[in-house]
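To start, the structure under review is shown below, and the notes come after it.
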Amino acid sequence: MIRRQLSSAILALSSLVATTLVPQMATAEDFECKPAPQPILTLAYGSRYSDVGSGSKTLDKNASSDVDNALEPVDEFLRELTMMANMVHQADGNASEIADCAIGQIASWAEANALADLQQNARLTIGSRLAGIGFALLQTVPYSSSKKHMPIISRWLQERMMDQMVYWEADAPDGASRGNLRAWAGLAGATIGTVIDDPVIRGWSAWSSTYVMCTANEDGSLPQEMTRGKFALHYQLHAVAPLTVSAALLSRQGMELNERCENALQRIVNFTVDDLRSRGAKTQAITGERQTVFEGDAEVKGWQLAWLEAYLSIQFDAGLIALADEYRPLSYSKLGGDQTLIWSEMRW
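For the sequence shown, the working numbering assigns the number 301 to the initial residue and increments by one for each residue that follows.
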């Protein structure tokens, strides 16, 4: 009953979202499929921090810029895929054309075996990009007029996820293996495992998400993220997004994570939201440092709470519904774009 009520509420809000996103959605009628960008075969970049380690706290601006530059071609491709994926929900006569275009572009990267050569920190941080590809497919495959590209896409994504699974179980640094980057790899497994219907990948996603969730302190703070000094709340937020969305996706596959480890996910969410409301007071008490989320006059942004739509599909919370209402429409490109739209329309 709760899920049906939430679905109805989200559907009612989708009309508001559609109106808000008119500049993007209006292009659906005049859609023109462009060739995919050049596939990125190799990624290599170092750390964003000068004190490299599991609790790195000192951001190196030049190194961070180098990482952004290395990832930009991949991220730009994902932004275009996300735009098309969101567009199919609002397109009338040409939804299949838009979906086929997005899937065809992904197929061109699959045929080139893109992202197969990951060096330095690339294997550590590629999870969110793989999750983005998975989200694009989750949204477009139901609208596609043909499944001809799916065999090669499935093989490619399976290989990318097998590499991630080996990396996180055998090669990842101890600290990172308990933190937000593993959670993002888990989300990649949830999206990709669902798209290609791979129970092993889905199972690993559930294990990885549970592993990170179960590290939570009694108050819901994540110990790995609390080592990050003034960035701690930023990384707590960066972890809660993939954890909640993975739990929502896996729930649809009959894998319930919400109550594991004495309701760890709920404790993590409650800590995060309460600390945002207190402008980082709890995290500051743990770390001894004022949090960058609230530097200067900075306020919480809607994209930082975009995961609420997925979480509310598995956990009723009147307070969080009210909080989401304050920031809707909720959208975050790393979670597939327009969350209000996705979680009212997702057919998987």
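Idealized CB from N, CA, C, for every residue including glycine. Since we're looking at a predicted model, the values are computed, not measured.
**OP:** Report the option in L612, A541, L533, D574 whose CA atom is closest to the CA atom of A431.
**Re:** The sequence position of residue 431 within the sequence shown is 131, counting from 1. Comparing Cα positions, the closest option is A541.
Original post:
Name the DSSP beta bridge partners of Y632, please?
Top reply: Taking the first residue of the sequence shown as 1, we reach residue 632 at position 332. Answer by DSSP bridge pairing, in chain order: G637.
Original post:
Roughly how many angstroms separate the alpha carbons of M513 and E332, rounded to a whole number?
Top reply: The count along the sequence shown starts at 1 and reaches residue 513 at position 213. The count along the sequence shown starts at 1 and reaches residue 332 at position 32. Whole-angstrom Cα-Cα distance: 43 Å.
Original post:
Where do the N-terminal and C-terminal ends of the beta strand (DSSP E) with L343 fall, by residue?
Top reply: Here residue 343 is taken as the residue at index 43 of the sequence shown, counted from 1. First-last of the beta strand (DSSP E) with L343: 342–345.
Original post:
Among L418, L381, G596, N413, which residue has its Cα nearest to the Cα of C401?
Top reply: Along the sequence shown, one-based indexing puts residue 401 at 101. Ranked by how close their Cα comes to the Cα of C401, the residues L418, L381, G596, N413 have L381 in first place.
Subject >> L430, DSSP secondary structure in three states >> reply: Against the sequence shown, residue 430 aligns to sequence position 130. Helix, per DSSP.
Original post:
What first and last residue would you give for the beta strand (DSSP E) that runs through L418?
Top reply: Here residue 418 is taken as the residue at index 118 of the sequence shown, counted from 1. That run of the beta strand (DSSP E) goes 417–420.
Original post:
From D575, T425, P373, S347, pick the residue whose C-alpha is nearest to that of K361; which is it?
Top reply: Taking the first residue of the sequence shown as position 1, residue 361 is located at position 61. The shortest C-alpha to C-alpha distance from K361 to any of D575, T425, P373, S347 is the one to S347.
Original post:
Going by C-alpha distance, which of L623, E595, D617, A598 is nearest A606?
Top reply: In the sequence shown, residue 606 corresponds to position 306, counting from 1. With distances taken between Cα atoms, A606 lies closest to L623.
**OP:** May I have the straight-line CA-CA distance separating W456 from R560, to the nearest angstrom?
**Re:** In the sequence shown, the residue the question calls residue 456 occupies position 156. In the sequence shown, the residue the question calls residue 560 occupies position 260. Whole-angstrom Cα-Cα distance: 32 Å.
Original post:
Going straight from the alpha carbon of M526 to that of I586, what length do you get?
Top reply: By one-based count along the sequence shown, residue 526 stands at place 226. By one-based count along the sequence shown, residue 586 stands at place 286. When rounded, the distance between both Cα atoms is 7 Å.
Subject >> Through-space distance from S613 to D368, alpha-carbon basis >> reply: Taking the sequence shown and counting its residues from 1, one reaches residue 368 at position 68. Taking the sequence shown and counting its residues from 1, one reaches residue 613 at position 313. Distance between the alpha carbons of D368 and S613 is about 33 Å.
Original post:
How many angstroms separate the CA atom of L576 from the CA atom of G393?
Top reply: The residue given as residue 576 occupies position 276 in the sequence shown. The residue given as residue 393 occupies position 93 in the sequence shown. Their backbone Cα atoms lie some 43 Å apart in a straight line.
Subject >> Sequence ranges, alpha helix (DSSP H) only - wholly within the segment 586–618, length at least 4 >> reply: Along the length of the segment 586–618, whole alpha helix (DSSP H) runs at least 4 residues long occupy 608–612, reported in chain order.
Original post:
Between which two residues does the alpha helix (DSSP H) carrying C401 extend?
Top reply: The count along the sequence shown starts at 1 and reaches residue 401 at position 101. Run containing C401: 395–411, per the alpha helix (DSSP H) assignment.
Original post:
Using a Cβ-Cβ cut-off of 8 Å (strictly less than) and excluding sequence neighbours within five positions of Q324, which residues of its own chain qualify?
Top reply: The sequence position of residue 324 within the sequence shown is 24, counting from 1. For Q324, the pLDDT reaches just 42, beneath the cut-off of 50, and the residue's location in the model is therefore unreliable, although a value from the coordinates is still provided. Same-chain partners within the cutoff: M383, N386, M387.
Subject >> Best match in A416, L543, G580 for proximity to A262 [C-alpha to C-alpha] >> reply: Outside the modelled stretch of the chain, which goes from 301 to 648, sits residue 262, for which no answer is possible.
**OP:** State the start and end residues of the unbroken alpha helix (DSSP H) segment that holds Q458.
**Re:** For the purposes of this step, residue 458 is taken as residue 158 along the sequence shown, with counting starting at 1. Segment 450–466, the alpha helix (DSSP H) holding Q458.
**OP:** Would you tell me roughly how many angstroms separate the C-alpha atoms of S314 and T640, rounded to the nearest one?
**Re:** Against the sequence shown, residue 314 aligns to sequence position 14. Against the sequence shown, residue 640 aligns to sequence position 340. Residue placement at S314 is poorly supported in this model, since its pLDDT is 35, which falls under 50; the coordinates still yield a value, given next. Distance between the alpha carbons of S314 and T640 is about 6 Å.
Original post:
By DSSP, does L438 sit in helix, in strand, or in coil?
Top reply: Taking the first residue of the sequence shown as position 1, residue 438 is located at position 138. Helix.
Original post:
Taking DSSP as the reference, what is the three-state secondary structure of L557?
Top reply: Residue mapping note: residue 557 aligns to position 257 of the sequence shown, counting from 1. L557 falls in the coil class under three-state DSSP.
Original post:
Is the Cβ-Cβ distance between T510 and Q553 less than 8 Å?
Top reply: What you label residue 510 is simply residue 210 of the sequence shown in a count that begins at 1. What you label residue 553 is simply residue 253 of the sequence shown in a count that begins at 1. Not in contact: T510 and Q553 (Cβ atoms no closer than 8 Å).
**OP:** Ignore the nearest five residues each way along the sequence and tell me which others in A488's own chain have a CB closer than 7 Å to its CB.
**Re:** Translated into the one-based positions of the sequence shown, residue 488 becomes position 188. Cβ within range, chain order: G427, L430, A431, G434, M461, Q464.
**OP:** Just the C-alpha distance for S408 and A344, rounded to the nearest angstrom, thanks.
**Re:** Numbered from its first residue, the sequence shown carries residue 408 at position 108. Numbered from its first residue, the sequence shown carries residue 344 at position 44. Cα-Cα distance, rounded: 21 Å.
Subject >> Where L378 sits in the DSSP three-state scheme >> reply: Indexing the sequence shown from 1 puts residue 378 at position 78. It is helical.
**OP:** Could you pull the start and end residues of the alpha helix (DSSP H) that H538 belongs to?
**Re:** Start at 1 with the first residue of the sequence shown, and residue 538 comes out as number 238. For H538, the enclosing alpha helix (DSSP H) has its first and last residue at 532–551.
Original post:
Do V593 and H538 have their C-beta atoms within less than 8 Å of each other?
Top reply: Stepping through the sequence shown from its first residue, residue 593 is reached at position 293. Stepping through the sequence shown from its first residue, residue 538 is reached at position 238. No, Cβ-Cβ distance for V593 and H538 is not below 8 Å.
Subject >> L359, DSSP secondary structure in three states >> reply: What you label residue 359 is simply residue 59 of the sequence shown in a count that begins at 1. Looking at L359 - three-state DSSP - the assignment turns out to be strand.
Original post:
Rounded to whole angstroms, how far is the Cβ of Y611 from the Cβ of A548, which I believe are closer than 8 Å?
Top reply: Here the question's residue 611 lines up with position 311 in the sequence shown. Here the question's residue 548 lines up with position 248 in the sequence shown. Confirmed, Cβ separation roughly 7 Å.
**OP:** Report the rounded CA-to-CA distance for V500 versus G602, giving the unit in angstroms.
**Re:** Locating residue 500 in the sequence shown gives position 200, counting from the first residue. Locating residue 602 in the sequence shown gives position 302, counting from the first residue. About 34 Å.
Subject >> C-beta contact flag for R482 and W468 at 8 Å >> reply: One-based indexing of the sequence shown puts residue 482 at position 182. One-based indexing of the sequence shown puts residue 468 at position 168. It is a contact, given that the beta carbons lie within the stated cut-off.
Subject >> Contact check, S631 vs D638, beta carbons under 8 Å >> reply: Position 331 of the sequence shown holds residue 631. Position 338 of the sequence shown holds residue 638. The answer is yes: Cβ separation under 8 Å.
Original post:
Quick one, are the C-beta atoms of F377 and P335 less than 8 Å apart?
Top reply: Here residue 377 refers to the residue found at position 77 when the sequence shown is read from its first residue. Here residue 335 refers to the residue found at position 35 when the sequence shown is read from its first residue. Result no, Cβ atoms of F377 and P335 do not sit closer than 8 Å.
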